């Protein structure tokens with residue numbers, strides 16, 4: 008076969024590959040070049056083999072006509088015509104010729120499309136899966152380039168974005184369809200929910216005016232807050248305030264021995280930009296009910312100190328213990344320390360540790376009283392006075408959710424590490440890369456798919472998505488065959 012001539016069958020292409028590897032000229036090439044050539048030729052072998060398989064499947068002609076049963080009576084589709092469709096697979100482009108049945112004012116039906124479970128788009132489901140998975144993990148340009156390098160299929164960036172948006176449509180149905188028994192906590196485990204918010208940089212609606220120097224408080228881009236949640240099961244982990252302090256502060260003496268801690272199980276993380284906070288928190292409650300429908304286990308909700316978010320959580324989770332995230336408490340405490348002492352100084356560290364120990368021991372009111380007295384006794388004014396009063400007010404307003412001594416004695420979680428990690432892994436690592444800006448639909452789709460991926464359910468979700476799309480494509484117009 009002459010150079011450049013396209014093989015007519017997979018067998019011919021395979022023989023050509025064997026001849027290429029056996030040539031003396033090939034023996035003088037480096038391994039990399041041989042590897043690249045073998046991959047390209049091998050992909051063509053597989054493409055032709057797949058094309059031969061599709062040709063052998065026939066054109067999907069089941070009979071003389073199809074009959075649709077509709078509300079206005081049966082409709083006969085007797086006009087038959089062959090249509091050829093191109094499909095981009097992981098091996099390259101193939102064509103499928105199938106018979107379509109039509110009638111006046113009726114869209115054509117191709118029985119072979121349902122038999123082969125063909126997608127609505129030009130790209131095969133496996134192409135789409137690999138593209139979506141790559142886009143979930145990194146920028147679109149890299150995802151498109153990776154798919155092109157690995158399969159030879161080039162997907163325009165706009166098409167790739169639309170594939171991702173379409174792929175996320177079955178997110179809610181996927182979790183509604185899951186078995187209630189699958190994620191129930193084991194006996195004695197605590198069922199934990201955590202809710203937080205995280206900003207996503209958005210595309211500006213109008214072209215931004217060139218700014219030489221930003222004013223105070225102005226941001227380089229506008230962010231919209233996404234609500235983030237984590238739900239998981241965890242065995243009680245009883246600790247003392249001293250053990251928590253050891254984990255929060257570096258200590259010079261030998262650390263106290265720690266008891267082994269069981270990791271969270273059946274953890275699910277997800278987020279939404281477009282769902283209202285009330286609806287999102289209702290989804291969190293539904294997930295916890297799905298896991299423990301009779302509320303036989305202890306439920307604990309961990310949130311930050313945002314009052315609006317706490318009010319919504321309290322309204323949805325009546326009778327459930329709400330815990331203020333200790334990480335947010337420590338942030339406020341350090342802010343107060345740095346108002347009085349240089350940041351990073353031993354005095355600031357001592358200030359924080361002493362008051363953190365009191366807070367963990369159930370002495371929140373004493374800490375509030377002490378902060379307020381500092382303002383008066385030291386005669387503080389201006390920014391320093393305002394910071395201390397604000398921190399004291401924050402602790403006072405949240406004192407009902409800061410009974411850490413009780414929570415630790417019961418083995419309950421006191422920090423939202425799971426949801427903080429979700430904010431980082433789900434949003435910051437993907438959405439806040441340099442120069443990235445998002446539209447609401449694209450951000451929502453990416454949040455859903457990345458949540459499925461981080462919950463180790465991507466492959467399970469993809470199979471569900473394919474089944475749902477096939478139902479949408481073929482179940483709305485059921486038909487029966489007329490043989491004659």
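Numbering (the working numbering), first residue to last: 8 to 491.
Glycine is no exception: its CB is placed at the ideal position from the N, C-alpha and C atoms.
From a predicted model like this one, the values you see are computed outputs, not experimental measurements.
Check                                                                                                                           : Outcome
Beta-carbon proximity list for residue 205, same chain, < 6 Å, skipping 5 on both sides                                         : 233, 235, 430, 434
Cβ contact (3+ pairs, closer than 8 Å) linking the stretch 38–48 and the stretch 21–28                                          : yes
Residue range of the unbroken beta strand (DSSP E) whose run includes residue 421                                               : Looking at the DSSP string, residue 421 is not in any beta strand (DSSP E), and its letter there is neither H nor E.
Nonlocal neighbours in the same chain, by C-beta distance under 6 Å from residue 9, ignoring five residues either side          : Note that residue 9 scores 49 on pLDDT, short of 50, meaning its location in the model is unreliable; the coordinates nonetheless yield the value given after this. Same-chain partners within the cutoff: there are none.
Straight-line gap, residue 223 to residue 99 (C-alpha atoms, nearest Å)                                                         : Annotation note: pLDDT 49 at residue 223 (below 50); position unreliable, no value reported.
Buried versus exposed call for residue 393 [16 or more other C-beta atoms within 10 Å across all chains shown]                  : exposed
Cutoff 7 Å; reference residue 403; Cβ partners in own chain excluding five residues on either side                              : 375
7 Å Cβ cutoff met for residue 174 and residue 139                                                                               : yes
8 Å contact criterion, which residue 237 and residue 425 should meet: CB distance rounded                                       : 4 Å
Backbone CA spacing between residue 397 and residue 166 [nearest angstrom]                                                      : 49 Å
Reference residue 325, options 335, 81, 308, closest by Cα                                                                      : 308
DSSP bridge partner residues for residue 93 (one or two, in chain order)                                                        : 102
Residue 467 versus 182, 128, 143, residue with shortest Cα-Cα distance                                                          : 182
Proximity to residue 490 [Cα-Cα], best of 85, 413, 76, 43                                                                       : 85
Span of the alpha helix (DSSP H), counted from its first residue to its last, around residue 367                                : 353–367
Secondary structure of residue 175, DSSP reduced to three states                                                                : coil
Three-way DSSP call (helix, strand, coil) for residue 8 in this model                                                           : Because the pLDDT of residue 8 is 47, which lies under 50, any placement of that residue in the model is unreliable, and the number read from its coordinates should be weighed accordingly. DSSP places residue 8 in coil when its eight states are reduced to three.
Exposure of residue 196, with buried meaning 16 or more beta-carbon neighbours within 10 Å                                      : buried
N-terminal and C-terminal residue of the alpha helix (DSSP H) that residue 135 is part of                                       : 132–144
Length of the line joining the Cα atoms of residue 455 and residue 178                                                          : 7 Å
Own chain, CB closer than 6 Å to residue 249, minus 5 neighbours either side, in chain order                                    : none
Of the residues 301, 200, 300, 485, the one placed nearest residue 271, counting alpha carbons only                             : 200
CA-to-CA distance, residue 294 to residue 39, given in whole angstroms                                                          : 51 Å
Unbroken alpha helix (DSSP H) run spanning residue 410, endpoints                                                               : Element bounds for residue 410: n/a, residue is neither H nor E.
Cut-off 6 Å between Cβ atoms - residues of its own chain near residue 287, not counting five sequence neighbours on either side : 234, 279
Closer than 7 Å to chain D by CB, residue 406                                                                                   : Absence of chain D from the displayed structure is noted, only one protein chain being present.
Residue from 82, 118, 231, 301 with nearest C-alpha to residue 281                                                              : 231
Element boundaries [alpha helix (DSSP H), containing residue 118]                                                               : 118–123
Sequence-distant residues of its chain with Cβ nearer than 8 Å to residue 113 (five each side left out)                         : 75, 82, 84
7 Å Cβ cutoff met for residue 331 and residue 408                                                                               : yes
At least three beta-carbon pairs within less than 8 Å, the stretch 106–121 to the stretch 136–155                               : no
Residue burial classification, residue 136 (beta-carbon count within 10 angstroms, cutoff 16)                                   : buried
Contact check, residue 142 vs residue 171, beta carbons under 7 Å                                                               : yes
Nearest neighbour of residue 427, chosen from 105, 452, 333 [CA to CA]                                                          : 333
Spatially closest choice to residue 104 from 134, 129, 242, 61, by CA coordinates                                               : 61
Host alpha helix (DSSP H) of residue 289 (start-end)                                                                            : 284–298
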